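Heads up: the first sequence runs through residues 206 to 369, numbered per our numbering.
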Amino acid sequence: MPAKRRYWLLKSEPDVFSIDHLLKAKGKRTCWDGVRNYTARNFMRDDMQVGDGVLYYHSNAKPPGIAGVAKVVKEGYPDPTQFDPKDSHFDPKSKPEDPRWMMVDIQGVAASPSFVPLDDLKANAKLEAMAVVQRGQRLSVQPVTPAEWREVLRMSGLKGKVDL
DNA sequence: GCCAACGTTGGC
DNA sequence: GCCAACGTTGGC
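Below, the structure is given as structure tokens:
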């Protein structure tokens, strides 16, 4: 019996790495390195599974919102940037024999035919409990419920076009 | 560019 | 183990 599929929201600044960057990357894949928050780390280390669906959220954008969909293609493993003194995400307290920070790999699936702005997420009563619409919510890796996933896919124009 | 909200750090 | 100070996030 395969494990139950889960859904997630990942934030990325489009100036740094947008959904288009992801879809043009080799194999449409990337490693999700640089996360330095324990809650986000725990989700990646403990809960994200191959095949899970990912809402790709553009933060610090004008406007912010859901720009596409991706999926998890590799489960949690150590983020090498934590050991690289030249990397901005270097963590001198983390040791290779006991890595502190983990990452997953994701693969782009599709850009939203209709970008879903944060304002539209906030205006949708079905999404009022969604983490990303909560005031002060900064977590860059957030769980998404199946109902939220379906509703956001419907809003994005991807419903029925994505096998997730 | 501002600043509210939040997570982390470190002195005690 | 408290909590003030600090750094970061991210909408606006």
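Ideal Cβ positions, reconstructed from N, Cα and C, are used throughout, including at glycine. Quantities reported herein were computed from a predicted structural model and do not represent experimental measurements.
#1: Classify alanine 390: buried if its beta carbon has 16 or more other beta carbons within 10 angstroms, exposed otherwise.
#2: What would DSSP say about phenylalanine 320, mapped onto helix, strand or coil?
#3: Please classify glutamate 333 as buried or exposed, where buried requires at least 16 neighbouring CB atoms within 10 angstroms.
#4: Going straight from the alpha carbon of glutamine 312 to that of alanine 230, what length do you get?
#5: Just the C-alpha distance for valine 314 and valine 274, rounded to the nearest angstrom, thanks.
#6: By how many angstroms is the C-alpha of lysine 233 removed from the C-alpha of leucine 260?
#7: Three-state secondary structure (DSSP) at leucine 344?
#8: Shortest alpha-carbon distance to leucine 214 belongs to which of Pro304, Ser293 and Lys276?
#9: I'd like to know if the stretch 315-330 and the stretch 349-369 are in contact, where contact means that at least 3 CB-CB pairs between them fall below 8 Å.
#10: Scan the stretch 295-320 and note each continuous beta strand (DSSP E) run of 3 residues or more that stays entirely inside, going in chain order.
#11: If aspartate 284 sits next to methionine 308, beta carbons under 8 Å apart, how far is it from one beta carbon to the other, in whole angstroms?
Quick answer:
#1: Examination of residue 390 is not possible in this model, given that the chain is present from 206 through 369 alone.
#2: Sequence index remark: in the first sequence, residue 320 carries index 115 (1-based). Three-state result, phenylalanine 320: strand.
#3: Residue 333 sits at position 128 when you count from the first residue of the first sequence. Answer is exposed; the Cβ neighbour count stays below 16.
#4: Start at 1 with the first residue of the first sequence, and residue 312 comes out as number 107. Start at 1 with the first residue of the first sequence, and residue 230 comes out as number 25. The alpha-carbon atoms of glutamine 312 and alanine 230 are separated by roughly 9 Å.
#5: Here the question's residue 314 lines up with position 109 in the first sequence. Here the question's residue 274 lines up with position 69 in the first sequence. In this structure, the alpha-carbon of valine 314 lies about 5 Å from that of valine 274.
#6: Walking along the first sequence from the start, residue 260 turns up at place 55. Walking along the first sequence from the start, residue 233 turns up at place 28. Annotation: leucine 260 to lysine 233 spans about 15 Å, alpha carbon to alpha carbon.
#7: Locating residue 344 in the first sequence gives position 139, where the first residue counts as 1. The answer is coil: DSSP assigns leucine 344 none of H, G, I, E or B.
#8: Here residue 214 corresponds to residue number 9 of the first sequence, with the count starting at 1. Checked all of Pro304, Ser293 and Lys276; the closest Cα to leucine 214 is Lys276.
#9: Three or more beta-carbon pairs separated by less than 8 Å link the stretch 315-330 to the stretch 349-369, which places the two stretches in contact.
#10: DSSP runs (the beta strand (DSSP E)) wholly in the stretch 295-320: none.
#11: Taking the first residue of the first sequence as position 1, residue 284 is located at position 79. Taking the first residue of the first sequence as position 1, residue 308 is located at position 103. Here aspartate 284 really is in contact with methionine 308; their C-beta atoms are around 4 Å apart, less than 8 Å.
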